[in-house]
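>
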Amino acid sequence: MPNVNPDTGKFDADIPPPGKKKGKPQQPSTTLVEYRTVETGNKAALGYLGMHCVPEDRDFREAEEQGEGLYVEVGDEIEVLETGVHDSGSTGNDH
Numbered sequence: 001m002p003n004v005n006p007d008t009g010k011f012d013a014d015i016p017p018p019g020k021k022k023g024k025p026q027q028p029s030t031t032l033v034e035y036r037t038v039e040t041g042n043k044a045a046l047g048y049l050g051m052h053c054v055p056e057d058r059d060f061r062e063a064e065e066q067g068e069g070l071y072v073e074v075g076d077e078i079e080v081l082e083t084g085v086h087d088s089g090s091t092g093n094d095h
């Protein structure tokens with residue numbers, strides 16, 4: 001997730017990844033805006049990551065059997081099963 005250290009799961013906007021320098025352009029936000037902006041024409045829109053991320057039904061059953069909730073945790077592998085077109089704005093004055 002943006003600005004979260006993947007090794008610890010903790011918010012970490014001040015320390016750049018290994019081999020990278022701190023400074024502008026701000027990462028990962030700049031890259032997300034470049035490749036993940038779904039609201040063309042909306043200058044306030046940011047890049048999206050994990051929008052509508054939903055566990056499969058089998059994961060719900062497994063969590064219920066174990067008496068636990070469903071959480072994305074450090075080290076979890078996420079597989080994208082489907083992508084689509086974003087057809088409504090979520091920033092700006094659309095709502």
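Counted from 1, the sequence shown has number 10 at position 10 by full-length UniProt numbering; the numbering is strictly sequential. Glycine included, each C-beta is placed from N, C-alpha and C at the ideal position.
(1) Would DSSP call V38 helix, strand or coil?
(2) Given this structure, state the Cα-to-Cα distance separating E77 from P55, to the nearest angstrom.
(3) Note down the Cα distance separating T30 from E68, rounded to an integer number of angstroms.
Let me lay it out:
(1) Translated into the one-based positions of the sequence shown, residue 38 becomes position 38. Residue state, collapsed to three classes: coil.
(2) As a position in the sequence shown, residue 77 is number 77, starting the count at 1. As a position in the sequence shown, residue 55 is number 55, starting the count at 1. Their backbone Cα atoms lie some 12 Å apart in a straight line.
(3) As a working mapping, residue 30 is identified with position 30 in the sequence shown. As a working mapping, residue 68 is identified with position 68 in the sequence shown. Roughly 36 Å between the two C-alpha positions.
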